[in-house]
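K.L.:
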Amino acid sequence: MIDPRKELEGLFDRFVPKLRSAFQIAISDVVDNAVLKDLIAAVKANQINTVFKLLGFSEAAMRPLTAAIEETFETGGIFVGRTFPKILNTSDGRMIFRFNVKNERAESWLRNNSSALVGRLEDEARTNVRNTLQAGMSDGRNPRKVALDIVGRMNRKTGHREGGIIGLSKNQESWVRSARTKLTTLDKNYFDLQLRDKRFDSTVAKAIESGKPLSGEVVDKLMDRYKANALKKRALDIAQTETIQSLNRADYEATKQAVDSGAVRNGAVTREWDTTGLDNVRNSHRGMDGQKVGLDEAFTTPRGDRLMFPGDRSLNAPAREIVNCHCRVKTVVDWFDGVE
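Just so we're aligned: the sequence shown equals residues 0 to 339 in numbering that gives the first Met the number 0.
#1: Pick out whichever of 282, 315, 263 has its Cα sitting closest to the Cα of residue 334.
#2: Identify the continuous alpha helix (DSSP H) that holds residue 127 and give its terminal residues.
#3: Under a three-way DSSP split, which group does residue 273 fall into?
#4: Quick one: Cα of residue 225 to Cα of residue 46, how far?
#5: Would DSSP call residue 298 helix, strand or coil?
#6: Can you give me the start and stop residues for the beta strand (DSSP E) that residue 93 sits inside?
#7: Whole angstroms is fine: what's the gap from residue 299's alpha carbon to residue 278's?
#8: Bridge partners of residue 160, per DSSP?
#9: Taking only runs of the alpha helix (DSSP H) that begin and end inside the segment 206-234, which ones reach a length of at least 4 residues, in chain order?
#10: When DSSP builds the beta bridges, which residues end up paired with residue 89?
#11: Please determine if the segment 125-139 and the segment 4-18 are in contact, where contact requires at least 3 C-beta pairs separated by less than 8 angstroms.
#12: Measure the Cβ-Cβ separation of residue 240 and residue 322 and say whether it is below 9 angstroms.
#13: Which residues in the same chain have their Cβ closer than 7 angstroms to the Cβ of residue 83, if we skip the five residues on either side of it in sequence?
#14: When DSSP labels each residue in this structure, what does residue 79 get in the three-state scheme?
#15: Residue 329 to residue 106, Cα distance in whole Å?
#16: Using only CA atoms, which one of 252, 238, 315 lies nearest to residue 13?
#17: Per DSSP, residue 305 forms a beta bridge with which residues?
#18: If we ignore side chains and look at the alpha-carbon of each, how far apart do residue 147 and residue 183 end up?
#19: Taking the straight line between their C-alpha atoms, what separation do you get for residue 336 and residue 267?
#20: Entirely within the segment 245-289 and at least 3 residues each: give me those beta strand (DSSP E) ranges in chain order.
#21: Going by the CB atoms, is the gap between residue 91 and residue 261 shorter than 9 angstroms?
#22: Where do the N-terminal and C-terminal ends of the beta strand (DSSP E) with residue 327 fall, by residue?
#23: Quick one: which unbroken alpha helix (DSSP H) runs of 4-plus residues sit fully inside the segment 24-59? Chain order, please.
#24: Is the Cβ-Cβ distance between residue 246 and residue 10 less than 9 angstroms?
#25: Using the Cβ count rule (16 or more neighbours within 10 Å means buried), how would you classify residue 170?
#26: Roughly how far, in whole angstroms, is the beta-carbon of residue 23 from the beta-carbon of residue 234, given that I think they are within contact range, below 8 angstroms?
#27: Which two residues bound the contiguous beta strand (DSSP E) that contains residue 292?
#28: Spatial neighbours of residue 161 within its chain, please: C-beta separation below 7 angstroms, excluding the five flanking residues on both sides.
#29: Return the chain-ordered list of same chain residues with a C-beta closer than 7 angstroms to the C-beta of residue 286, the five sequence neighbours on each side being excluded.
#30: State the CB to CB distance for the pair residue 176 and residue 218, rounded to an integer number of angstroms; the pair is presumed to be in contact (CB under 8 angstroms).
#31: Are the beta-carbon atoms belonging to residue 255 and residue 271 less than 9 angstroms from one another?
#32: One question on the structure: do residue 67 and residue 21 come within less than 9 angstroms of each other, judged by their Cβ atoms?
#33: Distance, Cα to Cα, residue 49 vs residue 72?
#34: Could you check where the alpha helix (DSSP H) with residue 177 kicks off and where it finishes?
#35: Compare the C-alpha of residue 57 against each of 158, 144, 166 and name the closest.
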């Protein structure tokens, strides 16, 4: 007998690494293919739009990530279909249920979700480029160093650029600027930064103790490591958020397809918010644990935000209710409803 919670956890563990890798591959493709001399020229001319255009950040560039999301969604829908009765009595007779990822509603959700995600990533990248250019000018950094701050420096061992701001969230980019200030001013609060490379703490500590500023090369090296760690965290955050959203949406879509077939009435479906028993659950979601709604009804948070399922953005729930959520929906279908 299928244990839905255990199966979902298995799918989550399977696809989070896949989506994390897909995001990292997409970002590497963007920065690795940037032509440095062209970027330097655009930075020197302070042409923000040109710098961003030269990066080639687009929906096509993010295809590894959106393709992985589609695979997650389809696999989730197939899994949910396996929990249904083997033979369904539909309006057109008896049938075996097969999840249809090409269903118009399913395709529309995938298309809109991918477009919205890429749009958010593009907006963040554009903002990060603008802030980095402005900070570079304010600090008097030369165009080459600013360009490298944007796309990262080539790691000769891996053959990829590392330490750029492309792919970071807006908050992370502001953390980067704050971290650089702490290093250049020998602020001991630098040691409170969780994303710093602790291997170089002794170097920073000696500089603080002696009062002798770190060289520009050392600061750049430490900041590259900080940004590389931030990008890893960003990749994991996106992977976890998009995986749980895709799996929960697949559960909803598969159930809707069963209703569409006439195998069950809409009113015979109950959905329950499940925090899955984890300890690190948002207080708002902990308060929602056990909340029950119908198939087309939204869950409501204590603050009044509405979500069709954990991770859902369609009803404009804020990021505080979505990012890194691990909750799921327990869907209960009364397959005998209406049977005499």
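Quick reminder that beta carbons are idealized off the backbone N, C-alpha and C, glycines included.
P.N.:
Let me spell this out:
#1: On the sequence shown, residue 334 is found 335 positions in, with the first residue counted as 1. Residue 334 has its Cα closest to that of 263, out of 282, 315, 263.
#2: Taking the sequence shown and counting its residues from 1, the one referred to as residue 127 is at position 128. Segment 103-138, the alpha helix (DSSP H) holding residue 127.
#3: Locating residue 273 in the sequence shown gives position 274, where the first residue counts as 1. DSSP places residue 273 in strand when its eight states are reduced to three.
#4: Reading the sequence shown from its first residue, position 226 is the one you call residue 225. Reading the sequence shown from its first residue, position 47 is the one you call residue 46. Rounded to the nearest whole angstrom, the CA to CA distance from residue 225 to residue 46 is 26 angstroms.
#5: For the purposes of this step, residue 298 is taken as the residue at position 299 of the sequence shown. The answer is strand: DSSP assigns residue 298 an E or B state.
#6: Numbered from 1 along the sequence shown, position 94 holds the residue referred to as residue 93. In the DSSP assignment, residue 93 falls within the beta strand (DSSP E) that extends over 92-94.
#7: As a position in the sequence shown, residue 299 is number 300, starting the count at 1. As a position in the sequence shown, residue 278 is number 279, starting the count at 1. Distance between the alpha carbons of residue 299 and residue 278: 21 angstroms.
#8: Along the sequence shown, read from residue 1 onward, the residue named residue 160 stands at position 161. Per DSSP, 153.
#9: Residue ranges of uninterrupted alpha helix (DSSP H) with 4 or more members are absent from the segment 206-234; none lies entirely inside it.
#10: Residue numbering aside, residue 89 sits at position 90 when the sequence shown is read from its first letter. Looking at the DSSP assignment, residue 89 forms a beta bridge with 92.
#11: Of all C-beta pairs linking the segment 125-139 to the segment 4-18, fewer than three are shorter than 8 angstroms, placing the two stretches out of contact.
#12: Taking the sequence shown and counting its residues from 1, the one referred to as residue 240 is at position 241. Taking the sequence shown and counting its residues from 1, the one referred to as residue 322 is at position 323. Yes, these two residues count as a Cβ contact at 9 angstroms.
#13: Within the sequence shown, the letter at position 84 stands for residue 83. Hits under 7 angstroms: 96, 257.
#14: Here residue 79 refers to the residue found at position 80 of the sequence shown. Three-state result, residue 79: helix.
#15: Position 330 of the sequence shown, counting from 1, holds the residue named residue 329. Position 107 of the sequence shown, counting from 1, holds the residue named residue 106. Roughly 23 angstroms separates the two Cα atoms.
#16: Position 14 of the sequence shown, counted from the first residue, corresponds to residue 13. Ranking 252, 238, 315 by CA distance to the CA of residue 13 puts 238 first.
#17: Position 306 of the sequence shown holds residue 305. Paired residue(s): 299.
#18: Sequence index remark: in the sequence shown, residue 147 carries index 148 (1-based). Sequence index remark: in the sequence shown, residue 183 carries index 184 (1-based). When rounded, the distance between both Cα atoms is 18 angstroms.
#19: In the sequence shown, the residue the question calls residue 336 occupies position 337. In the sequence shown, the residue the question calls residue 267 occupies position 268. Taking the straight line from one Cα to the other gives about 6 angstroms.
#20: The qualifying runs are 268-273.
#21: What you label residue 261 is simply residue 262 of the sequence shown in a count that begins at 1. What you label residue 91 is simply residue 92 of the sequence shown in a count that begins at 1. Contact: yes.
#22: Reading the sequence shown from its first residue, position 328 is the one you call residue 327. Going by DSSP, residue 327 is part of the beta strand (DSSP E) stretching over 327-332.
#23: Complete alpha helix (DSSP H) runs here, min 4: 35-43, 47-54.
#24: To locate residue 246, count along the sequence shown from 1; it is residue 247. To locate residue 10, count along the sequence shown from 1; it is residue 11. In this structure, the beta-carbon distance from residue 246 to residue 10 falls below 9 angstroms.
#25: Numbered from its first residue, the sequence shown carries residue 170 at position 171. Around the Cβ of residue 170, a 10 Å sphere holds fewer than 16 other Cβ atoms; the residue is exposed.
#26: Mapped onto the sequence shown, residue 23 falls at position 24. Mapped onto the sequence shown, residue 234 falls at position 235. Rounded to the nearest angstrom, the Cβ distance from residue 23 to residue 234 is 5 angstroms, consistent with a contact under 8 angstroms.
#27: In the sequence shown, the residue the question calls residue 292 occupies position 293. First-last of the beta strand (DSSP E) with residue 292: 291-293.
#28: Here residue 161 corresponds to residue number 162 of the sequence shown, with the count starting at 1. Here the set comprises 151, 152, 154, 223, 227.
#29: Stepping through the sequence shown from its first residue, residue 286 is reached at position 287. So the qualifying residues of the chain are 301.
#30: Indexing the sequence shown from 1 puts residue 176 at position 177. Indexing the sequence shown from 1 puts residue 218 at position 219. So it is not a contact: roughly 12 angstroms between Cβ atoms.
#31: Here residue 255 refers to the residue found at position 256 when the sequence shown is read from its first residue. Here residue 271 refers to the residue found at position 272 when the sequence shown is read from its first residue. It is not a contact, given that the beta carbons lie outside the stated cut-off.
#32: By one-based count along the sequence shown, residue 67 stands at place 68. By one-based count along the sequence shown, residue 21 stands at place 22. Result yes, Cβ atoms of residue 67 and residue 21 sit closer than 9 angstroms.
#33: Here residue 49 refers to the residue found at position 50 of the sequence shown. Here residue 72 refers to the residue found at position 73 of the sequence shown. Rounded to whole angstroms, residue 49 to residue 72 spans 36 angstroms at the Cα level.
#34: Locating residue 177 in the sequence shown gives position 178, counting from the first residue. Per DSSP, the continuous alpha helix (DSSP H) segment holding residue 177 begins and ends at 169-183.
#35: The residue you call residue 57 lines up with position 58 of the sequence shown. Considering only alpha carbons, the answer is 166.
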